[in-house]
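Residue numbers (the working numbering), protein chains in the order written: chain A, 40 to 565; chain B, 40 to 565.
Encoded structure:
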């Protein structure tokens, strides 16, 4: 029997609040610090490890976090989720994105079908389609191969797939598996579609329209933009478009598309990178085998996330240390800092994943909570960030927990030796140095050159950013966000906060406004 | 006589703390709200206006902010800055980036030269060089024109110029003034250089190496990467590279470059977009006339920033309302949300500009301050952000002030009419709707669908994102950050917080580590 309780009603939470704080600079120092860093590490799958040596916890706090995990029934809640309970209470939906990459628990039969079979079936359809495009069995009207795939989608249909594509583009190039270059159109700003379209070779471009409901206004508008451009170029749009949507959407059985691939209401947009939403564009770009490796990596991380032992469950551990930082230490933000240019848009995806899931003030029963929930997430790749906002991270008046990501090896293997070290070594040296600089600080008689230290971070270390490692990395954060939502007793799977803006925007376009809204509309010439 | 005092010693600051709070939802409502939005607007130059109707101030608080501006001598401090005083006390330097775009006050003679003449002289050299490249007078060794320019730089030598290039790329395309496509290499991650290089047509590429000191390790490493690639392609690197650096740097008189253009220590990296750092790549990409328009726009905004009347000085007004939100209302972050895809990297530039300038805990005399300083800055273009992190902005447990930017017209002029409105109208309708949704909220008996409102925002509205409008927009934020630094009594022009990481990274590369740092280095295989 699962109890869904607010965090502040739990005895272990009170114990956490009363816990003795860790002096990070002190525990990181000397040989004890070295030992701590060696020990505070847990495998994440696919050669990745989550190292929390520089997070502000110690064995005692970890023991209390373990109690908290047990008292809050966190792994039971995860089991309820993957066994198909209606976890998204607001929208009365199951939450089944894990099932796109594996069977974690019991079969889930819903709408008369085994959902795992359904998701695997759609993956197979996509793989077959992609293989036919790559082999030249499916071509444009002139019998020429498609060379580019362009995704039209917004939010979860854009950020995740785009971040994943960018993460693997260069890897695919050097591994001879970049089958098609990908582009993305998302914003309703007409300059987005117009700007992307003028870089595309239209006769050889295939567009993937992604909208679960089939009614997302931005996406349908951009589809129209693209169809206009195709028509003007003398092409028949229906030869150049596929749809990824739900079976009940208006797009599902339209003759406007070469093919349609299906998802369902149990895959939330921000959790859809491993469904057809990511699968179609990524399979076309890199081949279905690469997408399958990506899914395998995610599945491996999912299995680790089932572990009841907090210290063997990297996602739950990351989540609960984050809750400790947020609700006990009072830290408001989290920076995500990948030392990997390929992950340039990964923080933007996590921004949606995390902030849209847990940026809420009511619990899963719709009752206001009296504690802070999801933090602001932001980040850029290191070393770029070092030359930008790290000044504030080191010496600003707020302390911001940091999540570093680093890989021992580059993706492309091309490098130069300057001043006795390669670029890859410099990259890794920088992230190692930053962790210690943030944690330990440095005294100086000139206060302007003083670093207080005590600024917490963790690092995820991998061998190389491969498709499987990327899958594990993505699933880690998805599961972390899920566990934080459970801890805060939120429904992490709805997004009622986006509704009001939509309603008012419609009023503006219908000229049904008065007061301030009318003035803003007039100022913007609508 | 200027007094540099900590903010909390000022009488007007105490008055601010005691001010009656504004109920934003109440003051925005009804006809009074409409009137307020009409009135709370100030021109920013180049057709832009700063509208603060939805910021949490009223006439009384604005009057106190005016007192504060006077008591803190903000415009006198700006005058001291542009008249050449040593405002960057830590590094004992003048701060002269405004002079790249105009003469705001007295001539500044330093190092034996009139600095304005120096900056204009370098601009002319760059313009002449760019014209020769465009006309074909300067070519590759085969006499063929260069078609691409690639900037090699990091931090201020990357973020600003890159954001400005992206902001104008599509505008330039439709105005037939895209002379050369631009690319950027910044990260020491070898996959950054390798990834960009494999997209370039090397025989027709010109590289701009930007490093003020001529010693930035990331940049020199990437230069070497590029030189290797050029050499391997059978090209002589010195025919393909120019340098932007200081006259005293090791790069200044090297035969390795086709040309060298100079800046000096009085232009901070994050304030260097209007110097040769931005000027070289932007003049090559768009032509010197376009860069000159950009400077004119910045100069117009600078002039407005001199105004002693707070209500006629948009940069100072934006700054002080921000200080009020940060230090009186206790808000920790600021989101920058341009409803313009062209401004996709503008928030990343502002992140550096703001967080590196004011993310500090000591005042300009090196004494600890006892109030919060620079906030975390983050943002993505709307409408993308709406489908991502806006959930937290609307319903999260923290209130985050928002800075919207919107334009009445698109840059490319290409559009579609769907459901009775164009994409541009939809874009503008969304930002208008969001402002009101955030400020007013909406009650609902289902607490999950309730919006508390009271979430402040301002909007900068322009006709179109032209080079001049972009210049005004950039200068507005530069001057806003400067004024906030003055208010907090910081030195906004040094960045001591980036030093410790550099020192430790060198130790790692030299294998001179022990304790935790050695463990992290080992884990990362260095």
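No residue lacks a Cβ here, since even glycine has one placed at the ideal position from N, Cα and C.
Source: prediction; values computed, not measured.
Asked, Found
"Okay, do the segment 333-346 of chain A and the segment 502-522 of chain A touch, 3+ Cβ pairs below 8 Å being the bar?", "yes"
"Say whether the segment 70-83 of chain B touches the segment 440-447 of chain B, bearing in mind that this needs 3 or more beta-carbon pairs closer than 8 Å, one atom from each stretch.", "no"
"Does the count of Cβ pairs from the segment 198-214 of chain A and the segment 370-386 of chain A closer than 8 Å reach three?", "yes"
"To the nearest angstrom, how far is the alpha carbon of residue 117 (chain B) from that of residue 518 (chain A)?", "50 Å"
"Is residue 48 (chain A) helix, strand or coil when you go by DSSP?", "helix"
"Name, please, each residue of chain B whose Cβ falls closer than 8 Å to the Cβ of residue 77 (chain A).", "558"
"I'd like the span of the alpha helix (DSSP H) that includes residue 192 (chain A), first residue to last.", "Note, residue 192 (chain A): premise wrong, no alpha helix (DSSP H); not H, not E."
"Among residues of its own chain, excluding the 5 on either side of residue 325 (chain A), which ones have a beta-carbon nearer than 7 Å to its beta-carbon?", "207, 211, 216, 217 and 218"
"Smallest Cα separation from residue 304 (chain B): which of B:283, B:267 and B:252?", "B:252"
"Hey, how far is the Cα of residue 67 (chain B) from the Cα of residue 464 (chain A)?", "55 Å"
"Helix, strand or coil: how does DSSP classify residue 60 (chain A) here?", "coil"
"Ordered along the chain, which non-local residues of its own chain (more than five positions away) have a Cβ less than 7 Å from that of residue 534 (chain B)?", "395"
"Taking residue 492 (chain A) as part of the alpha helix (DSSP H), name the residues at either end of that continuous run.", "Looking at the DSSP string, residue 492 (chain A) is not in any alpha helix (DSSP H), and its letter there is neither H nor E."
"Please classify residue 313 (chain B) as buried or exposed, where buried requires at least 16 neighbouring CB atoms within 10 angstroms.", "buried"
"Relative to the C-alpha of residue 86 (chain A), which candidate in A:327, A:133, A:340 and A:76 has its C-alpha closest?", "A:340"
"For the segment 284-364 of chain A, list the alpha helix (DSSP H) runs that are entirely contained and at least 4 residues long, ordered along the chain.", "315-325, 327-343 and 353-362"
"Residues of chain A with CB under 8 Å from residue 521 (chain B), in chain order?", "Ordered by position in chain A, no residue passes the 8 Å Cβ test against residue 521 (chain B), which lies about 16 Å from the chain."
"Which stretch, first to last residue, makes up the alpha helix (DSSP H) that contains residue 242 (chain A)?", "It is not in any alpha helix (DSSP H) - residue 242 (chain A) carries neither H nor E in the DSSP assignment."
"Using 7 Å as the cut-off, classify the Cβ of residue 508 (chain A) as near or not near the heavy atoms of the ligand SAM, replying yes or no.", "The ligand content of the structure shown is nil, which means the ligand SAM is not present either."
"Would you kindly work out how many angstroms separate the C-alpha atoms of residue 223 (chain A) and residue 54 (chain B), rounded to a whole number?", "51 Å"
"Residue 237 (chain B) versus chain A: which residues are under 7 Å apart at the beta carbon?", "212"
"Can you pull out the residues from the segment 493-513 of chain B whose beta carbon lies closer than 8 Å to at least one beta carbon of chain A?", "498 and 500"
"Run down chain A in chain order and give the residues with a C-beta less than 7 Å from the C-beta of residue 129 (chain B).", "487"
"What does residue 264 (chain B) touch in chain A if you count any residue whose Cβ is under 9 Å from its own?", "453, 454, 455, 457 and 462"
"Could you spell out where the beta strand (DSSP E) holding residue 222 (chain A) opens and where it closes?", "220-224"
"Do residue 450 (chain B) and residue 504 (chain B) have their C-beta atoms within less than 8 Å of each other?", "yes"
"Quick one, which of B:90, B:72, B:226 and B:135 has its alpha-carbon nearest residue 499 (chain B)'s?", "B:90"
"Which whole-angstrom value describes the C-beta separation of residue 129 (chain B) and residue 530 (chain B), a residue pair presumed to lie in contact below a C-beta threshold of 8 Å?", "5 Å"
"Assuming the contact rule is C-beta atoms closer than 8 Å, residue 185 (chain B) and residue 243 (chain B) should be a hit. Round their C-beta distance to whole Å, please.", "5 Å"
"Give me the Cα-Cα distance between residue 164 (chain B) and residue 249 (chain B), rounded to the nearest whole angstrom.", "16 Å"
"With distances taken from CA atoms, which of B:171, B:284 and B:468 is nearest residue 183 (chain B)?", "B:171"
"Got a sec, what are the start and stop residues for the beta strand (DSSP E) residue 417 (chain B) sits in?", "415-417"
"In the structure shown, what three-state DSSP assignment does residue 75 (chain B) receive?", "helix"
"Select from B:78, B:241 and B:144 the residue whose C-alpha is nearest the C-alpha of residue 178 (chain B).", "B:241"
"Rounded C-beta distance between residue 257 (chain B) and residue 422 (chain A)? I'm assuming under 8 Å.", "6 Å"
"Going by C-alpha distance, which of B:563, B:561 and B:525 is nearest residue 45 (chain B)?", "B:525"
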